[in-house]
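Each remark here refers to the structure printed beneath this line.
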Amino acid sequence: MSEKTKKIAYWFFTLWLSLGMVSTAIVQLMKLPEEVEKINQLGYPTYFLTLLGIWKLLGVVAVLSPKYLLLKEWAYAGFFFAMSGAAFSHIVSRHALGEIFPSLLLLALTVISWYLRPANRRI
């Protein structure tokens, strides 16, 4: 893969990841009734939505920022743990694939974005 192709792929997947994280963060921060019901069904308290929403927004800022490389690594790690934890929670709760898929998609986007990040965005 050429450097130009890799850079385009990085930005494609990173922007898709960022859009997914921001949109889910907004829904979580709004505490829509279906989100509250979902998080409670998984066994988590409602206030967890606020925590996740804020962390996701801060993580997107870190990932998109050209500086703060260590913070960027922490954001990717946070996305990985949050999305793998969400997928696992849905699986353990025996939810349908449709409920599990969004977490798996964001998990895959996290890994791809992290893997493709340019040298100037690595520690």
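Numbering (numbering that gives the first Met the number 0), first residue to last: 0 to 122.
A virtual CB, placed ideally from N, CA and C, is assigned to each residue, including glycine.
Only counting the same chain, and skipping five residues up and downstream in sequence, which positions put a Cβ closer than 7 Å to that of lysine 6? Counting only Cβ-Cβ distances below 7 Å, and skipping sequence neighbours, we find Pro117.
Nearest-angstrom Cα separation, counted from serine 1 out to lysine 123: As shown, the chain starts at 0 and ends at 122. That puts residue 123 outside it, with no answer to give.
Between lysine 71 and arginine 120, how many whole angstroms is the CB-CB distance? I'm expecting something under 8 Å. Lysine 71 to arginine 120, Cβ: 6 Å. Contact.
Can alanine 8 be considered in contact with the ligand ZN, in the sense that its beta carbon sits closer than 7 Å to one or more heavy atoms? As presented, the structure is devoid of all ligands, the ligand ZN included, so that no description of it is given.
For valine 21, collect the residues of the same chain with a Cβ closer than 8 Å to its Cβ; drop the 5 residues on either side in sequence, then sort them by chain order. Contacts found: Lys55, Leu56, Val59.
According to DSSP, is tyrosine 46 helix, strand or coil? Here tyrosine 46 sits in helix by DSSP.
Which listed residue (Met29, Ser92, Ser112, Lys66) has its alpha carbon closest to that of tyrosine 43: From the listed residues Met29, Ser92, Ser112, Lys66, the smallest Cα separation to tyrosine 43 is found for Ser92.
Among residues of its own chain, excluding the 5 on either side of glutamate 34, which ones have a beta-carbon nearer than 8 Å to its beta-carbon? Taken in chain order, the residues that qualify are Val26, Gln27, Leu48.
Among the candidates Leu50, Leu31, Trp73, whose CA atom is the shortest distance from the CA of alanine 61? It is Trp73.
Take the Cβ of tyrosine 75 as the centre, count every other Cβ of all protein chains shown within 10 Å, and call the residue buried at 16 or more, exposed below. Flag for tyrosine 75 reads buried.
Best match in Leu106, Lys3, Thr13 for proximity to proline 65 [C-alpha to C-alpha]: When only C-alpha atoms are compared, the closest one is Thr13.
What does a CB cutoff of less than 6 Å around leucine 108 pick up in its chain, not counting 5 residues either side in sequence? Residues Phe12, Trp15, Leu16 of the same chain have their beta carbon placed closer than 6 Å to that of leucine 108, with the five preceding and five following residues left out of the count.
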